[in-house]
Each structure stands twice: as structure tokens, then as C-alpha cells.
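A short write-up of the structure that comes next.
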Amino acid sequence: MDLNRLEQILDRAPSRRITVIGDLMLDEFVWGKVGRISPEAPVPVVEVTKESFYAGGAANVARNLREFVDRVAIIGRFGKDRSGQQLQELLARQKIDTSNAIEDESFRTILKTRIIARHQQVVRVDREQFSTPSSQQIQQVVAAAQNDIPQTDAVIFEDYGKGFLSTEMVSQIADRTRSAGKIVAADPNSEHQMDWHGATVVTPNRAEAFLAAGIPVRDPNTIPPHDIELRRVGETLLKKWDTNYVLITLGEHGMMLFQQDDAPHYIPTKARQVFDVSGAGDTAVALFTLGLVCGATPIEAAEIANHGSAVVVSKLGTATVTRDELIANFHENSDHD
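What the sequence shown shows, in the working numbering, is residues 29 to 365, in sequence order.
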């Protein structure tokens, strides 16, 4: 894929519409500096200089899409609390449609607080609970998502393992979406095993892929194209989920694309610097799906996802990639593609 082809694909993006369904959360970053050790315990004292809030989880997938797509809708759950209000305000500011999301008095909005000093994460504090929607809420989500299918080019399920997604919900929405000839993508979670049968693409990381395939996870002892166990995992998941593609993200080693009708394809990493890997999986599923709905081949879509992820891991915080950043990263690495 050359630069002209990339721009041709991205030029189609604004007119597309994509729905993201999954666990919503608010990401808080507390930035500061460390000047001394606490006299109370052998821990650093962080003097706070600023705080930042980002829409995280499934909302971060929507944020990544919104950089390219004019119409992005999200379905998830907010609590009727301060964090939920902040999250809704952030999404409204980015013009992400939350009209089909659920506001639930009994649910506490997931809040993840990361304390950063000298470009290093000191500690992360999670305020969360595993909580499943009621049967009534599930049917509300299913009805809303199915009603939107005629106007939607793709549905992405983003599972952070916090309970919002269930097999009942996913299967009803995915079946109708596939029947309409639309794309179904899923980013799974290792602690919340789900049946992604019939999805267009599933994008696990290496550990998630091995676990889903029922194969013990071992550190790789060779490069991905020669990793026999990785190949076995990818082929197992293609059959298990009956999906067109399995895109396994490999961190600093790039990505491996498995396809029903073609040989596996390895995409080396394009990252020059890695500061923060949080949210890289969100970017991968967002941009691979974006590529497909814009007419890219699976390999082209994987390359777009790989370049986008390279940009995101070079930033601190729950980051997104813009069109200009994506094109710049592609241009910088064009000699090596």
C-alpha cells in the first residue's frame, strides 16, 4: 500500500457510520513530580501539577473513530454520578452519539486513576465493579442497536470484562448486523470469555489469543512469522469463532493477521518510541474496522491499524491518532513497508 492508496481509503471515512458497544469508563491522569520519599512509608510523594480526564474503554474506541468518521455512536452504561456526568460531557464535546446509552442509578461509573511522575506511571487506582445489565436493559440495548443497523456500516464490540457485554446481547446484535451485510468486529477480554462466533474480525492480544485457543501462553522464542504456536493459535481461533479474520496484536512485535482464505500475514511494528500502551488495542480494532468499511483489503486495514497503534503508544495518556499523524507515520516508515 502506498501513500496515495492510504489517502484514498481515508477519504471515504467521513461518510461512514460506526457503532461501538461495550464497557465505558473514565480515565483520570494525575500528573506531577517526585521530589522526596514519604516519611510515613517508603513511597514517593507526588506533587500534583495537573489532572486530565479522557473517555476510556469502549469510549476510547469511539474517540479514535471520531478522528476520521463524522458519525460515531456508542452504547454502554453510565452511572448517575460525577464520573458518569464527566464522561458524558467529554463524549458530547467530541460529538459522539450517546442517545442509546443507559444511565443507571444502581451502577457506579468505572473510574481508573493513573498517577504519572517523570513520564512514568507510579500507581493506578481502579474504582470499578463487575456488574451486568438487567434483562430489561439488555433488550433495550438490543432493540436500539438493531434499529440502527440500516444506518450503520459496522458494529464494534469492545469488551473490558466489566460485565456490560453478554452472549445474549452480542449474539442478537451480531446476527442481525451480519444478516444485513455489515461488519462485526470484536476486541475480547481474557477474563471474560465470550463466543464471537461469526464475527467479521476479532482482535485479541497475544495472551488473550492463547487463552481463547486453550493453548498455554509461553514467551515467544522466535520472530512472529516463525512462531509455530502463534500460527496454531490463529488457525484455531479462525475455526472456533468462524470469523473471517483474526488480528493478533503483539505489542512491540507488531501484528499477525490470520485469514480464512489466505496465508497468515505478519505486520512488523512501526513504533519508534513506546511511552504508554494503554489504549493501543482500542486503536487497533477501531482502525482495522475503519479500513474495512472504507474498502481496504484486510492486509491494508491491518497496516492502517498498525501505523495508528504506533502513533498512540508514543503518547502518554489515553490517546488517539489523527489523520495527519497516521499519514506522517506511514510516510516516515514508507521505505520499510
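All residues carry an ideal CB built from backbone N, CA and C; glycine is no exception.
Measuring alpha carbon to alpha carbon, tell me which residue in A69, P326 and R146 is nearest D290. P326
Does the segment 105-119 come within contact of the segment 40-50, defined as at least 3 CB pairs closer than 8 angstroms? no
Going by other Cβ atoms of all chains shown within 10 Å of its Cβ, with 16 needed for buried, is H335 buried or exposed? buried
Roughly how many angstroms separate the alpha carbons of K190 and A87, rounded to a whole number? 14 angstroms
Using the DSSP secondary-structure output, state which residues sit across from H293 in a beta bridge. L285
Between V76, V62 and E117, which has its C-alpha nearest L54's C-alpha? E117
Should K78 be labelled buried (16 or more other beta-carbon atoms within 10 Å of its own) or exposed? exposed
Cβ-based neighbour list, T205, same chain, cut-off 6 angstroms, excluding 5 preceding and 5 following: I177, V183 and V212
With a cut-off of 8 angstroms on the beta carbons, I'd call G307 and T346 a contact; round off their distance for me. 5 angstroms
Please state the DSSP three-state secondary structure of R260. helix
Where the alpha helix (DSSP H) through Q116 begins and ends: R110 to R121
Is it buried or exposed for T231, if we count other Cβ within 10 angstroms and need 16 for buried? buried
Report the rounded CA-to-CA distance for K267 versus E331, giving the unit in angstroms. 24 angstroms
Report the option in I138, V151 and E219 whose CA atom is closest to the CA atom of V62. V151
Distance between beta carbons of I103 and V153, contact taken as under 8 angstroms: Not quite, the Cβ-Cβ distance comes to about 27 angstroms (not below 8 angstroms), so this is no contact.
Skipping 5 residues on each side, what residues in its chain have a beta carbon closer than 8 angstroms to that of A120? T126
Under the three-state reduction of DSSP, which class applies to R44: helix, strand or coil? coil
When the Cα atoms are used, what is the spatial distance from N249 to V58? 38 angstroms
Apart from the five residues on each side of it in sequence, which residues of its chain come closer than 6 angstroms, Cβ to Cβ, to N128? I103 and A172
According to DSSP, simplified to helix, strand and coil, what is Q157? coil
Less than 8 angstroms between the CB atoms is what I'm expecting for T297 and A338, so what's the real figure, rounded? 6 angstroms
By Cβ distance, which residues of its chain are closer than 6 angstroms to S163, with the 5 residues on each side in sequence left out? none
Bridge partners of N233, per DSSP? T277
List the whole-angstrom C-beta distance separating I37 from E328, where the pair is believed to meet the contact cut-off of C-beta under 8 angstroms. 7 angstroms
For a test of the three-state rule: what should DSSP assign to G319, helix, strand or coil? helix
Look at the alpha carbon of Q174 and the alpha carbon of Q122, and state the distance between them as a whole number of angstroms. 24 angstroms
8 angstroms contact criterion, which G85 and G112 should meet: CB distance rounded: That belief does not hold up - the Cβ atoms of G85 and G112 are roughly 13 angstroms apart, past 8 angstroms.
How about T180 and K210: are their beta carbons less than 9 angstroms apart? yes
Kindly indicate the opening and closing residues of the beta strand (DSSP E) around L193. It is not in any beta strand (DSSP E) - L193 carries neither H nor E in the DSSP assignment.
For the pair the segment 64-77 and the segment 92-101, tell me if three or more CB-CB distances fall below 8 angstroms. no
In the DSSP assignment, find the beta strand (DSSP E) that holds P72 and state where it starts and stops. P72 to G85
Rounding to the nearest angstrom, what Cα-Cα distance links S80 and Q149 in this structure? 14 angstroms
Helix, strand or coil at I124 according to DSSP, with G and I counted as helix: coil
Could you check the C-alpha separation between L318 and V73 for me, to the nearest Å? 43 angstroms
C-alpha distance - F158 paired with A83, whole-angstrom precision: 19 angstroms
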